[in-house]
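Right, one structure below, let's go through it.
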Amino acid sequence: METIAIPVINFAPIMPEIILSIFAMALLLVNVFVPSEHKAYLGYLSLVGIIITGFTLIGGWGNPVASFNDSVVQDNFALFFKGIFLLTVGMTILISDQYFKREECNLGELYPLLLFATVGMMLMASGTDLMTIFLGLEVLSVSLYVLAGLNRASLKSNEAGLKYFLLGAFSTGFLLYGMALTYGATGTTRVVKIAEYVAQNSAVAQNPLFVIGMLLMAVGFSFKIAAAPFHMWTPDVYEGAPTPMTAFMSAGPKAAGFAAFMRVAIIAFPSLKADWSDLLWILAVLTMTVGNLIALNQDNIKRMLAYSSIAHAGYALVGFTAGNAEGTAGILFYMLSYAFMNIGAFAIIILVGKKGEANNNVMDYAGFGTKHPVLALAMAVFLFSLAGMPPTAGFIGKFYLFSGAVKAGYVWLAIIGVLNSAASVYYYLRVMVYMYMKDPVEEFDWMKLTPAVAICIIIAVVGVLLPGVVPAFLLNLAQQAVLL
Amino acid sequence: MVPLHSYLILSAILFSIGTIGVLIRRNAIVIFMCVEMMLNAVNLTFIAFSKHLGNIDGQIFVFFVMTVAAAEAAVGLALMIAFYKNRESIDVEDMKLMKL
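Each protein sequence line maps, in turn, to chains L and F.
In this text, residue positions in the first sequence follow my numbering: the first is 1, and each later residue adds one.
In this text, residue positions in the second sequence follow my numbering: the first is 1, and each later residue adds one.
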């Protein structure tokens with residue numbers, strides 16, 4: 001047996017995780033002393049933590065540091081994703097307080113759990129060892145199971161939490177079995193060493209253990225990013241979970257799943273690119289088509305956005321299939337703009353909704369445009385961006401993803417993607433038809449725009465429009481980030 | 001000395017039993033037990049490989065898997081209790097508030 005040498009540990013690469021964890025644990029303690037009508041202060045405290053963490057990210061750009069015997073690394077790729085996660089969690093916190101007060105479920109545990117989930121996502125993005133990636137994924141998942149079922153009194157929330165838990169744990173089993181078989185075939189869990197082993201022993205590609213391991217890992221990650229045919233949990237969980245948590249789940253963990261999936265596929269198996277590209281091709285087409293077709297038929301707007309988020313994972317998989325610089329930079333850019341547009345849309349859904357998750361149907365938006373022209377305009381911007389129309393970030397992102405696919409020779413895949421994107425316009429425009437072209441049924445007088453939600457909507461509108469008009473800065477960052 | 005492939009076949013069988021259990025059983029707790037069985041099948045695989053390769057990484061992985069499984073059990077059982085309080089059942093057939 002080997003002896004374990006105690007190495008000198010450099011904590012710099014996990015500084016953001018450490019700061020957030022400290023804040024989360026402190027908030028758990030502080031929570032005990034905060035009366036339930038003042039839980040919003042915990043939200044402000046966690047925003048402080050998020051901003052401090054954000055500042056620690058900036059210094060790391062451009063100089064990758066690895067630590068813990070190369071099992072975590074803070075490179076541009078990880079930093080870009082960490083930025084996305086911080087943005088997602090920050091915007092989610094801004095929209096949470098109003099919703100949970102209305103639902104009379106004002107639990108302070110919400111904020112520490114969100115921060116712990118963010119720590120998990122960050123570990124997934126910077127993990128370079130299957131063990132770290134697995135741990136990050138589980139820290140994320142366990143927090144998310146609770147967040148989905150947070151509204152204990154609501155039957156739908158109970159059901160969402162339990163379904164997410166059962167299916168999430170099930171998919172973890174597949175992911176782990178894949179990791180175990182890959183470990184057995186290559187003798188290491190370190191992503192870089194797996195790549196070295198595969199490069200030196202090309203015969204391993206014929207080893208059934210290795211092939212099954214790769215496939216099972218792909219299945220596990222597909223569950224996490226909600227790619228068809230492993231998407232069945234998504235609509236139910238997204239519909240049943242509290243609305244701010246749906247916003248969080250559709251933007252953050254999906255990006256984290258992509259981060260881990262990309263790191264494993266691109267770094268560990270570069271020489272087998274042709275094999276997994278074929279697999280991803282099928283996944284991308286299925287995911288886009290299933291998501292869009294079923295979304296056409298949805299009346300509940302949360303459920304519609306759940307199917308739309310499946311379709312968006314499909315678009316990102318198009319860039320993943322291409323596997324070149326444009327495609328992968330496209331995924332990063334798209335995940336960032338998807339966070340803006342999706343959380344923005346959910347902020348409006350929270351405003352329009354009533355207690356008990358009522359008023360969540362597309363029909364309930366009738367006449368919203370005449371009663372609240374500014375908010376309706378913001379919703380229109382988010383929906384246009386989701387549909388991928390210029391001049392929004394959604395258009396630029398899709399453009400990059402599909403042009404990456406064309407450059408890599410996947411012309412048909414890009415065509416299927418564009419057709420899908422055209423079909424998706426129907427269900428986004430349907431909301432707009434109700435907002436602007438139907439007579440108001442209700443007065444929308446229960447709506448209360450709190451400053452926090454207003455800030456979130458403003459951030460989202462700026463985040464959707466600014467990169468849509470001048471994308472160069474963010475695209476540059478994304479391109480620097482994919483030089484893994 | 002039991003050869004490596006016996007361990008692998010055993011853990012594959014255990015994993016399959018767990019998977020089939022998840023798919024056909026209707027009680028949430030039994031489903032969760034089947035998931036735990038899948039995780040333990042994976043642990044067996046890790047340890048068998050670790051011994052075979054003379055590499056300690058697999059054993060460390062097993063510790064993490066066990067820890068995570070314990071955390072998952074805590075959260076999962078809490079969710080089941082919340083569900084049972086409202087519905088007086090933990091049958092997955094009763095989880096049908098949201099359908100197409």
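For glycine and all other residues, C-beta sits at the position ideal for the given N, C-alpha and C.
- Assigned with DSSP and collapsed to three states, residue 34 of chain L falls in coil, not helix or strand.
- Interface annotation, residue 106 of chain L: not in contact with chain F, CB-CB separation never under 8 angstroms.
- Between the alpha carbons of residue 415 of chain L and residue 323 of chain L lies a gap of roughly 17 angstroms.
- The beta carbon of residue 283 of chain L lies closer than 7 angstroms to those of 222, 227, 317 in the same chain, with the five residues before and after it left out.
- Here residue 11 of chain F is not bridged, per DSSP, to any residue.
- Where residue 479 of chain L is concerned, the enclosing alpha helix (DSSP H) starts and stops at 472-481.
- Non-local C-beta neighbours of residue 231 of chain L in its own chain, meaning closer than 6 angstroms and more than five positions away in sequence, comprise 310, ordered along the chain.
- Distance from the Cα of residue 75 of chain F is smallest, within the candidate group L/148, L/26, L/185, for L/148.
- Under DSSP, the beta-bridge partners assigned to residue 190 of chain L are L/129.
- Under the Cβ criterion of 8 angstroms, residue 188 of chain L is counted among the residues facing chain F.
- For residue 196 of chain L, the closest Cβ of chain F is not nearer than 8 angstroms.
- Scanning its chain for C-beta atoms nearer than 6 angstroms, with the 5 sequence neighbours on each side dropped, one finds around residue 436 of chain L the residues 369, in chain order.
- Residue 281 of chain L and residue 413 of chain L have their C-alpha atoms some 7 angstroms from each other.
- In this structure, the straight-line span from the alpha carbon of residue 85 of chain L to that of residue 397 of chain L is close to 18 angstroms.
- Taking C-beta atoms as the reference points, residue 421 of chain L and residue 388 of chain L count as a pair closer than 8 angstroms.
- In the three-state reduction of the DSSP assignment, residue 67 of chain L falls in the strand class, which pools E and B.
- In the three-state scheme derived from DSSP, where H, G and I count as helix and E and B as strand, residue 358 of chain L is classed as strand.
- Assignment of beta-bridge partners to residue 73 of chain L by DSSP yields L/66.
- Within the DSSP bridge table, the entry for residue 91 of chain F names F/27 as partners.
- For residue 269 of chain L, there is no enclosing alpha helix (DSSP H), as DSSP marks it with neither H nor E.
- For the stretch 146-166 of chain L, the residues whose beta carbon sits under 7 angstroms from a beta carbon of chain F are, in order, 146, 149, 152, 155, 156, 158, 159, 161, 162, 163, 165, 166.
- With respect to the 8 angstroms criterion, residue 308 of chain L and residue 215 of chain L are not classified as neighbours on the basis of their beta carbons.
- Judged by beta-carbon spacing, residue 123 of chain L lies beyond the 8 angstroms limit of residue 113 of chain L, meaning their Cβ atoms are not closer than that value.
- Fully contained in the stretch 47-91 of chain F are the following alpha helix (DSSP H) runs of length 4 or more, in chain order: 57-87.
- When C-alpha distances from residue 127 of chain L are compared across L/67, L/111, L/152, L/87, the shortest belongs to L/67.
- Under a 10 Å Cβ-count criterion, residue 57 of chain F is classified as buried, with 16 or more other Cβ atoms of the shown protein chains found around its own Cβ.
- Neighbourhood of residue 14 of chain F in chain L, by CB distance below 7 angstroms: empty, with the nearest CB roughly 11 angstroms away.
- Where residue 303 of chain L is concerned, the enclosing alpha helix (DSSP H) starts and stops at 301-322.
- One thing to note: residue 118 of chain L has its Cβ no nearer than 8 angstroms to the Cβ of residue 247 of chain L.
- With a 10 Å radius around the Cβ and a threshold of 16 neighbouring Cβ atoms, residue 326 of chain L comes out buried.
- Under the 8 angstroms criterion on CB atoms, residue 82 of chain F is classed as interfacial with respect to chain L.
- Rounded to the nearest angstrom, the gap between the Cα atoms of residue 35 of chain L and residue 101 of chain L is 13 angstroms.
- Boundaries for residue 442 of chain L: no alpha helix (DSSP H) harbours it, and the DSSP string shows neither H nor E there.
- Residue 151 of chain L sits buried, since 16 or more C-beta atoms from the chains shown fall within 10 Å of its C-beta.
- Under the three-state reduction of DSSP, residue 242 of chain L is assigned to coil, being neither helix nor strand.
- The three-state secondary structure of residue 20 of chain F, taken from DSSP, is helix.
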